[in-house]
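J.: One structure coming up, written as structure tokens, with questions to follow.
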Amino acid sequence: MKKILILLICILLMGCEDKKSLVSYINQDEALISISYPITNINVLDDKITGYVHQAYNEFKNMSSSDVPELNISYTYKEVNTDIVSVSLQTEIVTDKRVNKIKTFTYNKSNDKFLTMEDIVSDLDALDYDIKKELLIKYQDADMDYLSNISYDYFTVDDENLTIYFNPAEIKSNYDNLIYLDIPLNSMDLLIDVDKSEEEKTYLSIKKKNVSLDDKVVALTFDDGPSKYTNKILDVLKKYDACGTFFVVGNRVNFYKEQLKRTLNEGSEIGNHSYDHKLLTRLSKEEFQSEVNKTQEQIVKATGFTPTLFRPTYGGYTNTLKGYTDLTFVLWDVDSRDWQVKSKDKILKNILPNVKSGSIILMHDGLPYGLNALEDVLSDLKNKGYKFVTVSELLELKKLRES
Ligand code: ZN
Numbered sequence: 013m014k015k016i017l018i019l020l021i022c023i024l025l026m027g028c029e030d031k032k033s034l035v036s037y038i039n040q041d042e043a044l045i046s047i048s049y050p051i052t053n054i055n056v057l058d059d060k061i062t063g064y065v066h067q068a069y070n071e072f073k074n075m076s077s078s079d080v081p082e083l084n085i086s087y088t089y090k091e092v093n094t095d096i097v098s099v100s101l102q103t104e105i106v107t108d109k110r111v112n113k114i115k116t117f118t119y120n121k122s123n124d125k126f127l128t129m130e131d132i133v134s135d136l137d138a139l140d141y142d143i144k145k146e147l148l149i150k151y152q153d154a155d156m157d158y159l160s161n162i163s164y165d166y167f168t169v170d171d172e173n174l175t176i177y178f179n180p181a182e183i184k185s186n187y188d189n190l191i192y193l194d195i196p197l198n199s200m201d202l203l204i205d206v207d208k209s210e211e212e213k214t215y216l217s218i219k220k221k222n223v224s225l226d227d228k229v230v231a232l233t234f235d236d237g238p239s240k241y242t243n244k245i246l247d248v249l250k251k252y253d254a255c256g257t258f259f260v261v262g263n264r265v266n267f268y269k270e271q272l273k274r275t276l277n278e279g280s281e282i283g284n285h286s287y288d289h290k291l292l293t294r295l296s297k298e299e300f301q302s303e304v305n306k307t308q309e310q311i312v313k314a315t316g317f318t319p320t321l322f323r324p325t326y327g328g329y330t331n332t333l334k335g336y337t338d339l340t341f342v343l344w345d346v347d348s349r350d351w352q353v354k355s356k357d358k359i360l361k362n363i364l365p366n367v368k369s370g371s372i373i374l375m376h377d378g379l380p381y382g383l384n385a386l387e388d389v390l391s392d393l394k395n396k397g398y399k400f401v402t403v404s405e406l407l408e409l410k411k412l413r414e415s
């Protein structure tokens, strides 16, 4: 049996003013598991979502695999107007083969009804014709029986697009990636109202700090957020006039825009930690680039800031992967193992004796353990004369010192 690290992060992340929240669970014990799904506060919808997730998790637990098995459940959450919300749950299971599945729910709060495509599109026959044409162009060897009987069970909708998903195994058994088509809403007649809201754009950058070449410096990094703990971490950092670098998971960005803006406003940095926390070494070039690029897009959309740093999930990467992006891969030399040891004293023992000038410390956002130790870490290092910098600033200083 392969010796693998144990990572158990169970976080309940509270959302914005409408009380939406996000549940995330990352586990690296005997399997690599990353599950994220939204809590919408619409009971009947949340029951469906959690029911689906539990069922997928239980099915996965009963599977066997010769290599470390992997379960990824990721989501999209979309709003059409103030009444209609749309959720997709994508399940990817990697055992000896890779299987992708999709489940979607679209719900109208005003009449307490789950919506089908017939409730949304007025001329489904015309749409059906266009979709089949499109699929045949893209997937020339698609299963004709399936195409002629598409039931359109899987779709999501927002204020711009209707997205139709197809379970890959149904299109053609050897496709293992999820197939979907985005159809602009303005190209069809709709039976629902669409509320197009323009989001105000903000452009943020990291505030510069006063650090000289001779200073002892250290960079704190926080992975797996943003989360309900992000603001608490920022509170502690502020108290010690410190900053950190937050490697965020793309699918969470939209739920915590305000926290991310605050992160930048207070002199901390945001880095990219993939879109849904899959093990990257198993992905193709295109899949890896999609993980990186989707996260970049989310961060830019939320904050106007373009990250330049990337931290690979589970610390796993290859030189080939590094060549697939312009972002700088950042690992760490001091590991708090906060997710594993949990106790404040052990976290301090893992960090404090091992820090030297130029160190990058790994902690996690989304867990209470590291947060409990953070204040002691900051005060100890500050007393020892360390200045806190972002990873970008640290890399810049290293370059200046070498020149
Ligand atoms: Zn991570």
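Numbers given in our numbering equal positions in the sequence shown, counted from 1, plus 12.
Yeah, the Cβ is synthetic: ideal placement off N, Cα and C, and Gly gets one too.
1. Around the C-beta of Val-56, are 16 or more other C-beta atoms found within 10 angstroms, so that it is buried, or is it exposed?
2. What's the gap between the Cα of Ser-6 and the Cα of His-285?
3. Which class does Arg-323 belong to by DSSP, given the choice of helix, strand or coil?
4. Which residue marks the beginning of the alpha helix (DSSP H) containing Arg-110, and which one marks its end?
5. With DSSP collapsed to three states, give me the class of Tyr-4.
6. Suppose contacts are defined by Cβ-Cβ distances below 8 Å. Is Ser-86 in contact with Ser-134 by that definition?
7. Would you mind sorting Lys-399 into buried or exposed? The rule is 16 or more other CB atoms within 10 Å of its CB.
8. Give me the Cα-Cα distance between Met-13 and Asn-39, rounded to the nearest whole angstrom.
9. Below 8 Å, can you find three or more Cβ-Cβ pairs linking the segment 56-65 to the segment 139-149?
10. To the nearest whole angstrom, what separates the beta carbons of Lys-290 and Ser-46, a pair I think is in contact under 8 Å?
11. Which one or two residues does DSSP pair with His-376 in a beta bridge?
12. Who pairs with Ser-100 in a beta bridge, going by DSSP?
13. Near Ala-43, which residues of its chain fall below 6 Å by C-beta distance, leaving aside the five closest residues on each side in sequence?
14. Just verifying my parser: in three-state terms, what is the DSSP assignment at Ser-33?
15. Roughly how many angstroms lie between the CA atoms of Ser-355 and Asp-377, to the nearest whole one?
16. Quick one: is Asn-362 buried, meaning 16 or more other Cβ sit within 10 Å of its Cβ, or exposed?
17. Do Tyr-192 and Ile-204 have their C-beta atoms within less than 8 Å of each other?
18. Rounding to the nearest angstrom, what Cα-Cα distance links Met-26 and Lys-244 in this structure?
19. Identify which residue in Tyr-287, Gly-256, Val-261 has its Cα closest to the Cα of Asn-277.
20. If you draw a straight line from the alpha carbon of Leu-34 to that of Arg-413, how long is it in whole angstroms?
21. Taking 7 Å as the cut-off, does the CB of Ile-282 come closer than this to any heavy atom belonging to the ligand ZN?
22. With a threshold of 7 Å (Cβ to nearest heavy atom), would Ile-38 be considered close to the ligand ZN?
23. Going by alpha carbons, who is nearest to Asp-350 out of Ser-369, Ala-385, Leu-343, Phe-317?
24. For Lys-250, tell me which candidate among Ser-415, Val-401, Leu-339 has the shortest Cα-Cα distance.
25. Note down, in chain order, each residue of its chain lying with its Cβ closer than 8 Å to the Cβ of Thr-233, except the 5 sequence neighbours on either side.
26. Rounded to the nearest angstrom, what separates Asp-201 and Ala-138 at their Cα positions?
27. Between Leu-272, Phe-72, Lys-396, which has its C-alpha nearest Val-229's C-alpha?
28. Which same chain residues, not among the five before or five after Phe-126, have their C-beta less than 6 Å away from its C-beta?
29. Give a yes or no on whether the C-beta atoms belonging to Met-129 and Phe-167 are separated by under 8 Å.
30. According to the neighbour-count rule (16 or more other Cβ atoms, all chains shown, within 10 Å of its Cβ), is Asp-288 buried or exposed?
31. At the level of alpha carbons, what is the spacing between Leu-383 and Asp-357?
32. Examine the ligand ZN and report whether any of its heavy atoms sits within less than 7 Å of the Cβ of Thr-293.
33. Going by CA-CA distance only, name the one from Asp-188, Asp-170, Glu-405, Ile-183 that's closest to Asp-194.
T.: Quick answer:
1. As a first step, residue 56 must be located in the sequence shown, where it is residue number 44. Flag for Val-56 reads exposed.
2. Given a span of 13 to 415 for the chain in the structure shown, any question on residue 6 remains unanswerable.
3. On the sequence shown, position 311 is the one that residue 323 refers to. Arg-323: coil per DSSP, three-state reduction.
4. As a first step, residue 110 must be located in the sequence shown, where it is residue number 98. Note, Arg-110: premise wrong, no alpha helix (DSSP H); beta strand (DSSP E) at 110-120.
5. Coverage of the chain is limited to positions 13 through 415, which leaves residue 4 absent and any answer about it impossible.
6. Taking the sequence shown and counting its residues from 1, the one referred to as residue 86 is at position 74. Taking the sequence shown and counting its residues from 1, the one referred to as residue 134 is at position 122. No, these two residues do not count as a Cβ contact at 8 Å.
7. Translated into the one-based positions of the sequence shown, residue 399 becomes position 387. With 16 or more Cβ atoms within 10 Å of its Cβ, Lys-399 is classed as buried.
8. Taking the first residue of the sequence shown as position 1, residue 13 is located at position 1. Taking the first residue of the sequence shown as position 1, residue 39 is located at position 27. The predicted model places Met-13 with a pLDDT of 28, which falls under 50 and marks its position as unreliable, so this point remains unresolved.
9. no
10. Working through the sequence shown from its first residue, we reach residue 290 at position 278. Working through the sequence shown from its first residue, we reach residue 46 at position 34. The Cβ separation is near 7 Å, so the contact holds.
11. As a first step, residue 376 is located in the sequence shown; it is residue number 364 there, counting from the start. Paired residue(s): Asp-235.
12. The residue you call residue 100 lines up with position 88 of the sequence shown. Thr-88, Thr-116.
13. As a position in the sequence shown, residue 43 is number 31, starting the count at 1. Same-chain partners within the cutoff: Pro-81.
14. In the sequence shown, residue 33 corresponds to position 21, counting from 1. Ser-33 falls in the strand class under three-state DSSP.
15. Counting from one through the sequence shown, the residue named residue 355 turns up at place 343. Counting from one through the sequence shown, the residue named residue 377 turns up at place 365. Approximately 16 Å, taken between the alpha carbons.
16. Numbered from 1 along the sequence shown, position 350 holds the residue referred to as residue 362. Asn-362 comes out buried.
17. Taking the sequence shown and counting its residues from 1, the one referred to as residue 192 is at position 180. Taking the sequence shown and counting its residues from 1, the one referred to as residue 204 is at position 192. Against a cut-off of 8 Å, the Cβ pair of Ile-204 and Tyr-192 comes out as no contact.
18. Residue 26 sits at position 14 when you count from the first residue of the sequence shown. Residue 244 sits at position 232 when you count from the first residue of the sequence shown. Because the pLDDT at Met-26 is just 32, under 50, the model does not fix this residue reliably, and the value given afterwards should be weighed accordingly. Looking at the two C-alpha atoms, the distance is approximately 13 Å.
19. Locating residue 277 in the sequence shown gives position 265, counting from the first residue. The candidate whose alpha carbon is nearest that of Asn-277 is Gly-256.
20. Position 22 of the sequence shown, counted from the start, is the residue given in the question as residue 34. Position 401 of the sequence shown, counted from the start, is the residue given in the question as residue 413. Near 43 Å, if we compare the C-alpha coordinates of Arg-413 and Leu-34.
21. As a working note, residue 282 is residue 270 in the sequence shown. No, Cβ of Ile-282 sits at least 7 Å from all heavy atoms of the ligand ZN.
22. Here residue 38 refers to the residue found at position 26 when the sequence shown is read from its first residue. The answer is yes for Ile-38.
23. Numbered from its first residue, the sequence shown carries residue 350 at position 338. Here the closest residue by C-alpha is Ala-385.
24. Start at 1 with the first residue of the sequence shown, and residue 250 comes out as number 238. Out of Ser-415, Val-401, Leu-339, Val-401 has the C-alpha closest to the C-alpha of Lys-250.
25. Taking the first residue of the sequence shown as 1, we reach residue 233 at position 221. Gly-256, Thr-257, Phe-258, Phe-259, Gly-283, Arg-323, Val-342, Trp-344, Ile-372, Ile-373, Leu-374, Met-375, Val-403.
26. Counting from 1 along the sequence shown, the entry for residue 201 is found at position 189. Counting from 1 along the sequence shown, the entry for residue 138 is found at position 126. About 10 Å.
27. The residue given as residue 229 occupies position 217 in the sequence shown. For Val-229, the nearest C-alpha among the options comes from Lys-396.
28. Along the sequence shown, one-based indexing puts residue 126 at 114. Excluding its 5 nearest sequence neighbours in each direction, Phe-126 has C-beta neighbours in its own chain below 6 Å: Tyr-119, listed in chain order.
29. Locating residue 129 in the sequence shown gives position 117, where the first residue counts as 1. Locating residue 167 in the sequence shown gives position 155, where the first residue counts as 1. Their beta carbons are under 8 Å apart, which means Met-129 touches Phe-167 by this criterion.
30. For this step, residue 288 is matched to residue 276 along the sequence shown. Answer is buried; the Cβ neighbour count reaches 16.
31. As a working note, residue 383 is residue 371 in the sequence shown. As a working note, residue 357 is residue 345 in the sequence shown. Distance between the alpha carbons of Leu-383 and Asp-357 is about 12 Å.
32. In the sequence shown, residue 293 corresponds to position 281, counting from 1. The answer is no for Thr-293.
33. Locating residue 194 in the sequence shown gives position 182, where the first residue counts as 1. Looking at the Cα atoms, Asp-170 is the closest of the given residues.
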